[in-house]
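Asker: I am attaching a structure below and will ask some questions about it afterwards.
Protein chains: 2
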Amino acid sequence: MKFDRKPIPVTDAVAKVMEYERFGGWEEVAIDQCENRILAEGITASHPIPPFNKSPYDGFALKAEDTAEAGSDKPVTFRVIEQVGAGHQSSRAIEHGEAVRIMTGAEIPEGADCVAMFEICQTYEEDSMDYMTIKRQMEKGQNIIEKGSETSLGDVLVNKGTRINPGVKALLATFGYPTVKVGKKPVIGLFATGTELLDVDEELQPGKIRNSNAYMIAAQIERAGGHVKYYGKLEDDFDTCYQAVSRAFSEVDALITTGGVSVGDFDLMPDIYDKLGAEVLFNKIAMRPGSVTTVAEKDGKLLFGLSGNPSACYVGFELYAYPVIQRFAGVEKPYHRKIDAVLGKDFPKPNPFTRFVRGFIHYEDGKVLVSPAGMDKSAVVTTLANTDALIMLPGGTRGFKAGDAVQAILLEDPSGQAAFK
Amino acid sequence: MKFDRKPIPVTDAVAKVMEYERFGGWEEVAIDQCENRILAEGITASHPIPPFNKSPYDGFALKAEDTAEAGSDKPVTFRVIEQVGAGHQSSRAIEHGEAVRIMTGAEIPEGADCVAMFEICQTYEEDSMDYMTIKRQMEKGQNIIEKGSETSLGDVLVNKGTRINPGVKALLATFGYPTVKVGKKPVIGLFATGTELLDVDEELQPGKIRNSNAYMIAAQIERAGGHVKYYGKLEDDFDTCYQAVSRAFSEVDALITTGGVSVGDFDLMPDIYDKLGAEVLFNKIAMRPGSVTTVAEKDGKLLFGLSGNPSACYVGFELYAYPVIQRFAGVEKPYHRKIDAVLGKDFPKPNPFTRFVRGFIHYEDGKVLVSPAGMDKSAVVTTLANTDALIMLPGGTRGFKAGDAVQAILLEDPSGQAAFK
Numbered sequence: 001m002k003f004d005r006k007p008i009p010v011t012d013a014v015a016k017v018m019e020y021e022r023f024g025g026w027e028e029v030a031i032d033q034c035e036n037r038i039l040a041e042g043i044t045a046s047h048p049i050p051p052f053n054k055s056p057y058d059g060f061a062l063k064a065e066d067t068a069e070a071g072s073d074k075p076v077t078f079r080v081i082e083q084v085g086a087g088h089q090s091s092r093a094i095e096h097g098e099a100v101r102i103m104t105g106a107e108i109p110e111g112a113d114c115v116a117m118f119e120i121c122q123t124y125e126e127d128s129m130d131y132m133t134i135k136r137q138m139e140k141g142q143n144i145i146e147k148g149s150e151t152s153l154g155d156v157l158v159n160k161g162t163r164i165n166p167g168v169k170a171l172l173a174t175f176g177y178p179t180v181k182v183g184k185k186p187v188i189g190l191f192a193t194g195t196e197l198l199d200v201d202e203e204l205q206p207g208k209i210r211n212s213n214a215y216m217i218a219a220q221i222e223r224a225g226g227h228v229k230y231y232g233k234l235e236d237d238f239d240t241c242y243q244a245v246s247r248a249f250s251e252v253d254a255l256i257t258t259g260g261v262s263v264g265d266f267d268l269m270p271d272i273y274d275k276l277g278a279e280v281l282f283n284k285i286a287m288r289p290g291s292v293t294t295v296a297e298k299d300g301k302l303l304f305g306l307s308g309n310p311s312a313c314y315v316g317f318e319l320y321a322y323p324v325i326q327r328f329a330g331v332e333k334p335y336h337r338k339i340d341a342v343l344g345k346d347f348p349k350p351n352p353f354t355r356f357v358r359g360f361i362h363y364e365d366g367k368v369l370v371s372p373a374g375m376d377k378s379a380v381v382t383t384l385a386n387t388d389a390l391i392m393l394p395g396g397t398r399g400f401k402a403g404d405a406v407q408a409i410l411l412e413d414p415s416g417q418a419a420f421k
Numbered sequence: 001m002k003f004d005r006k007p008i009p010v011t012d013a014v015a016k017v018m019e020y021e022r023f024g025g026w027e028e029v030a031i032d033q034c035e036n037r038i039l040a041e042g043i044t045a046s047h048p049i050p051p052f053n054k055s056p057y058d059g060f061a062l063k064a065e066d067t068a069e070a071g072s073d074k075p076v077t078f079r080v081i082e083q084v085g086a087g088h089q090s091s092r093a094i095e096h097g098e099a100v101r102i103m104t105g106a107e108i109p110e111g112a113d114c115v116a117m118f119e120i121c122q123t124y125e126e127d128s129m130d131y132m133t134i135k136r137q138m139e140k141g142q143n144i145i146e147k148g149s150e151t152s153l154g155d156v157l158v159n160k161g162t163r164i165n166p167g168v169k170a171l172l173a174t175f176g177y178p179t180v181k182v183g184k185k186p187v188i189g190l191f192a193t194g195t196e197l198l199d200v201d202e203e204l205q206p207g208k209i210r211n212s213n214a215y216m217i218a219a220q221i222e223r224a225g226g227h228v229k230y231y232g233k234l235e236d237d238f239d240t241c242y243q244a245v246s247r248a249f250s251e252v253d254a255l256i257t258t259g260g261v262s263v264g265d266f267d268l269m270p271d272i273y274d275k276l277g278a279e280v281l282f283n284k285i286a287m288r289p290g291s292v293t294t295v296a297e298k299d300g301k302l303l304f305g306l307s308g309n310p311s312a313c314y315v316g317f318e319l320y321a322y323p324v325i326q327r328f329a330g331v332e333k334p335y336h337r338k339i340d341a342v343l344g345k346d347f348p349k350p351n352p353f354t355r356f357v358r359g360f361i362h363y364e365d366g367k368v369l370v371s372p373a374g375m376d377k378s379a380v381v382t383t384l385a386n387t388d389a390l391i392m393l394p395g396g397t398r399g400f401k402a403g404d405a406v407q408a409i410l411l412e413d414p415s416g417q418a419a420f421k
């Protein structure tokens with residue numbers, strides 16, 4: 001048994017893990033399969049937007065100077081030479097005294113320099129010819145959306161490393177990407193350990209509980225942008241365990257185990273790391289819950305030994321595995337967004353170590369509050385259902401009061417941040 | 001042409017649409033396929049948590065009263081009768097003077113009422129028997145997590161209508177749900193209209209633009225929890241259009257079209273609604289962008305006629321289609337969360353109508369700010385990439401200044417709210 005572990009600060013632990021972060025390379029996916037994936041290349045405007053001068057309204061395109069004499073009692077008359085719908089072009093340039101009936105989104109005919117809206121024009125027909133009169137003066141450029149006024153050719157619109165949301169997808173479509181290069185999802189292997197664990201479809205038995213960590217972590221891996229490969233439960237026998245872990249490790253981009261990293265007699269993971277020849281980056285962190293979280297590295301690949309305790313497991317994943325998965329997938333800002341918030345409820349329990357309390361975000365009159373999601377007993381699984389943030393309470397001798405300034409780590413906000421600070 | 005449309009307020013429009021909201025029924029999915037789906041039934045504790053008295057530490061289980069005489073110079077000795085790991089049970093109840101070596105998570109043996117941590121105990125062996133001495137007095141109940149202390153049998157833990165996050169998944173596993181009843185995803189049909197639209201893989205042509213709305217809306221439908229059925233572009237010909245819309249409408253739970261709802265000569269949707277026998281709930285809303293957003297209903301099924309303008313289309317979807325999709329899928333709080341926030345940047349342009357400005361949320365010193373994501377020209381597609389909120393600016397004669405209190409609609413926050421207000 002190894003009682004002599006030295007706890008390291010959370011920021012040091014994160015830094016040690018991130019020494020081994022790497023980008024997993026890209027793959028090409030169809031535009032209709034790319035939601036929430038990460039752009040492996042930025043999007044540059046391959047044409048101006050709009051690509052031509054266009055009309056924002058239904059109306060008549062004409063030369064503004066032709067309306068110079070118009071007034072409320074002096075209508076000016078134009079001959080309507082044709083009609084242009086969106087997607088079409090006029091057949092020729094317009095001359096003085098001519099107008100083109102134009103639809104929203106259609107290209108402004110050559111020679112025209114303004115659009116008079118339908119509503120201010122009168123139309124009539126005479127000798128099978130269409131005419132239009134207007135009693136107002138128009139200005140050059142009026143009601144014309146100029147070519148390139150929204151985006152110029154060559155503008156960088158979205159950087160690589162950006163998550164694809166509906167807006168980014170609209171850009172991809174606009175600039176003609178039927179397929180798009182996105183970061184590959186890392187394959188994350190997952191083992192649960194613990195003789196006490198039953199499968200989800202087994203009846204409860206004396207002394208045993210169902211394995212909830214594996215399903216929880218699998219969901220966290222998916223949420224982080226990884227692909228889960230679940231290897232099931234590790235047996236108690238060391239050799240069997242070692243073989244299973246060793247084989248799995250060769251098949252994945254990173255491996256997560258839950259349980260077995262403590263100092264108990266049945267905690268096999270430390271010896272497995274030894275035999276694998278993996279370097280243990282740390283095996284004790286100055287935090288609660290999750291102090292026994294262990295991370296090891298072999299050939300640049302990471303093994304995350306998360307605690308068997310549900311809360312500790314949850315927190316350990318979000319702090320140490322999440323940013324590695326994000327970076328692998330190509331995210332530019334791999335860390336959870338951390339914000340200054342107002343504590344919404346007393347948390348009277350002092351703690352010598354940094355504590356990550358499961359909480360939820362709420363808003364009030366322009367303020368952002370974070371409140372504990374429930375009692376923070378380290379084994380309480382029920383609280384996690386309401387959790388969308390971790391309240392980061394620094395260690396010390398005092399508790400915290402509602403209204404105190406605290407930091408909150410946002411677990412469901414995809415914006416992220418570039419550094420863990 | 002119908003110029004005589006009467007604009008209705010946004011809240012009225014939402015209310016009219018939601019008269020036709022309905023739950024789409026449930027289906028059973030495997031626990032490892034249920035991420036982000038909506039619980040069709042609440043989760044009730046089918047056993048207490050923990051299901052038995054258990055040890056939070058590695059240590060020795062014993063009777064506290066047996067340590068009554070212990071002191072720093074008065075060690076009390078126990079005979080260690082066996083060892084119990086997590087998932088196992090002791091073979092018999094302990095008697096006075098006896099202790100059981102117990103591991104974290106293991107069931108407390110009958111007869112024991114406290115656990116002394118390893119670190120405060122001395123062990124030795126004599127005549128092939130194991131002994132343990134302790135110099136401290138223990139209290140009854142010390143270091144025991146009592147059966148049911150986290151959750152009692154029958155506790156309602158999560159309500160139906162809740163989105164399944166990693167924490168909810170842990171609960172499902174804990175209480176033995178290999179499959180789970182979730183709300184069905186609505187099938188949302190999608191058409192784009194507009195002769196000016198090119199497909200994403202076509203070369204740009206004079207007067208034309210690529211169809212970005214369809215891809216954007218498809219992504220919005222997926223984000224809202226719907227399943228997209230894309231029917232492609234509608235032709236210009238009325239009869240062909242009518243046939244296509246009519247057939248599609250019979251195959252989906254709701255139908256979305258983009259474009260064709262304006263008052264232009266080529267806007268066919270109003271006549272299609274007529275011929276379908278659909279009742280138009282409204283065709284003009286007192287809002288910008290998106291004033292021409294039209295919603296019609298037939299046999300309790302909805303047709304959303306969104307504007308062809310990208311921003312108007314985006315906003316129209318999030319305000320009117322999103323809550324319908326959420327409710328169909330079983331979400332209890334179907335509306336986007338709307339919060340009081342602080343405007344982060346001037347928005348000087350006054351507007352007579354309620355304006356929904358695309359923006360993004362940021363945080364500063366416990367305050368929640370929302371800033372415009374870019375210029376809010378109604379056709380600017382590039383801004384949408386940075387958008388995760390809509391800033392709701394009431395109509396009036398003045399602009400808005402940084403620091404003003406405004407409302408923000410959160411587009412990527414899954415919490416939701418029960419009413420649109």
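First to last, the sequence lines map onto chains H and A. Under the UniProt record's numbering, the letters of the first sequence match residues 1 to 421, in that order. Under the UniProt record's numbering, the letters of the second sequence match residues 1 to 421, in that order. We put the beta carbon where it would ideally sit given N, CA and C, even for glycine. What you are looking at is a predicted structure, and each value in this text was computed from that prediction instead of being measured.
Based on the DSSP secondary-structure assignment, which residues constitute the bridge partners of residue 273 (chain A)?
Answerer: Its beta-bridge partners do not exist; DSSP assigns none.
Asker: Could you check the C-alpha separation between residue 282 (chain A) and residue 299 (chain A) for me, to the nearest Å?
Answerer: In a straight line, the C-alpha of residue 282 (chain A) is about 17 Å away from that of residue 299 (chain A).
Asker: Report yes or no: is there a C-beta of chain H within less than 8 Å of the C-beta of residue 171 (chain A)?
Answerer: Residue 171 (chain A) counts as touching chain H.
Asker: Could you name the residues of the region 73 to 95 of chain A whose beta carbon sits closer than 7 Å to any beta carbon of chain H, in the order they occur along the chain?
Answerer: Flagged, chain order: 85, 86, 87, 88, 89.
Asker: Considering only DSSP beta bridges, list what residue 125 (chain H) is partnered with.
Answerer: Partner(s): H:130.
Asker: Hey, could you find the ends of the alpha helix (DSSP H) residue 316 (chain A) is sitting in?
Answerer: Start and end: 310 to 316.
Asker: For residue 34 (chain H) and residue 213 (chain A), I'd like the C-alpha separation in whole angstroms.
Answerer: Each residue's Cα considered, the two are about 16 Å apart.
Asker: Among H:20, H:261, H:359, H:53, which one has its Cα closest to the Cα of residue 145 (chain H)?
Answerer: Considering only alpha carbons, the answer is H:53.
Asker: Mind checking the region 213 to 225 of chain A against chain H and listing, in chain order, the residues whose C-beta falls within less than 8 Å of any C-beta there?
Answerer: Within the region 213 to 225 of chain A, the residues whose Cβ lies closer than 8 Å to some Cβ of chain H are 213, 214, 215, 216, 217, 218, 219, 220, 222, 223, listed in chain order.
Asker: Would you say residue 341 (chain A) faces chain H, with C-beta separation under 8 Å as the test?
Answerer: Residue 341 (chain A) counts as touching chain H.
Asker: Confirm, please, whether the CB-CB distance from residue 403 (chain A) to residue 431 (chain A) is below 8 Å.
Answerer: Since the displayed chain A opens at 1 and closes at 421, residue 431 (chain A) lies outside it and no answer follows.
Asker: Quick one: Cα of residue 240 (chain A) to Cα of residue 270 (chain A), how far?
Answerer: So the alpha carbons of these two residues sit roughly 15 Å apart.
Asker: Helix, strand or coil for residue 338 (chain H), going by three-state DSSP, please let me know.
Answerer: Three-state result, residue 338 (chain H): strand.
Asker: Residues in its own chain within less than 6 Å of residue 348 (chain H) by CB, not counting five upstream and five downstream?
Answerer: Excluding residues within five positions, the ones whose Cβ falls inside 6 Å are 399.
Asker: With distances taken Cα to Cα, identify the nearest neighbour of residue 177 (chain H) among H:354, H:45, H:405, H:135.
Answerer: Answer by Cα proximity: H:45.
Asker: Mapping the DSSP letters down to three states, classify residue 69 (chain A) as helix, strand or coil.
Answerer: Coil.
Asker: Identify, in the order they occur along the chain, each residue of the same chain with its Cβ nearer than 8 Å to the Cβ of residue 164 (chain A), setting aside the five sequence neighbours on each side.
Answerer: Cβ neighbours of residue 164 (chain A) beyond the five flanking positions: 34, 35, 36, 37, 38, 39, 172, 180, 182.
Asker: For residue 277 (chain H), which residues from the same chain have a beta carbon less than 8 Å from its beta carbon, with the 5 sequence-adjacent residues on both sides left out?
Answerer: Cβ neighbours of residue 277 (chain H) beyond the five flanking positions: 298.
Asker: Leaving aside the five residues before and after residue 235 (chain H) along the sequence, list all residues of the same chain whose C-beta is less than 7 Å from its C-beta, in chain order.
Answerer: Same-chain partners within the cutoff: 241.
Asker: Using the Cα positions of residue 379 (chain A) and residue 84 (chain H), report the straight-line distance between them to the nearest angstrom.
Answerer: Its pLDDT being 44, under 50, residue 379 (chain A) is placed unreliably by the model, and the measurement read from it follows with that caveat. Near 20 Å, if we compare the C-alpha coordinates of residue 84 (chain H) and residue 379 (chain A).
Asker: Is it right to say residue 138 (chain H) is buried, meaning 16 or more other beta carbons lie within 10 angstroms of its own, or is it exposed?
Answerer: Counting Cβ neighbours within 10 Å, residue 138 (chain H) comes out buried, since at least 16 surround it.
Asker: Can a CB atom of chain A be found closer than 8 Å to the CB of residue 158 (chain H)?
Answerer: So, interface residue.
Asker: Starting from residue 367 (chain A), find everything on chain H with Cβ-Cβ shorter than 8 Å and list it in chain order.
Answerer: The answer, in chain order, is 366, 367, 368.
Asker: Against chain H, does residue 355 (chain A) count as a neighbour if the rule is that its beta carbon must be under 8 Å from one of theirs?
Answerer: Residue 355 (chain A) does not count as touching chain H.
Asker: Taking only three categories from DSSP, how would you classify residue 119 (chain H)?
Answerer: Residue 119 (chain H): helix per DSSP, three-state reduction.
Asker: Please give me, in chain order, every unbroken run of the alpha helix (DSSP H) with length at least 4 that falls completely inside the region 136 to 185 of chain A.
Answerer: Complete alpha helix (DSSP H) runs here, min 4: 166 to 174.
Asker: Per DSSP, what kind of secondary structure is residue 216 (chain H) in: helix, strand or coil?
Answerer: Here residue 216 (chain H) sits in helix by DSSP.
Asker: Mapping the DSSP letters down to three states, classify residue 376 (chain H) as helix, strand or coil.
Answerer: Below a pLDDT of 50, predicted positions are generally treated as unreliable, and residue 376 (chain H), at 47, falls in that range; no measurement from the model is reported.
Asker: For residue 229 (chain H), which residues of its own chain have a beta-carbon under 8 Å away from its beta-carbon, when the five flanking residues on both sides are left out?
Answerer: So the list reads 187, 188, 189, 190, 248, 251, 252, once near-sequence residues are dropped.
Asker: For residue 204 (chain A), decide whether its Cβ has a neighbour in chain H, counting only Cβ atoms nearer than 8 Å.
Answerer: So, interface residue.
Asker: Between which two residues does the beta strand (DSSP E) carrying residue 356 (chain A) extend?
Answerer: 354 to 364 is the span of the beta strand (DSSP E), which, as asked, contains residue 356 (chain A).
Asker: Could you tell me if residue 370 (chain H) is buried or exposed, where buried requires 16 or more neighbouring beta carbons within 10 angstroms of its beta carbon?
Answerer: Label assigned to residue 370 (chain H): buried.
Asker: In whole angstroms, what separates the C-alpha of residue 63 (chain H) from that of residue 95 (chain H)?
Answerer: Going by the C-alpha atoms only, they are around 8 Å apart.
Asker: Just mark residue 87 (chain A) as buried or exposed, buried being the case when its beta carbon has 16 or more other beta carbons within 10 Å.
Answerer: Flag for residue 87 (chain A) reads buried.
Asker: Do the CB positions of residue 97 (chain H) and residue 66 (chain H) come within less than 8 Å of each other?
Answerer: Yes, Cβ-Cβ distance for residue 97 (chain H) and residue 66 (chain H) is below 8 Å.
Asker: Under 8 Å between beta-carbons, which chain D residues line up against residue 107 (chain H)? List them in chain order, please.
Answerer: In summary, chain D is missing from the structure at hand, where the protein chains are H and A.
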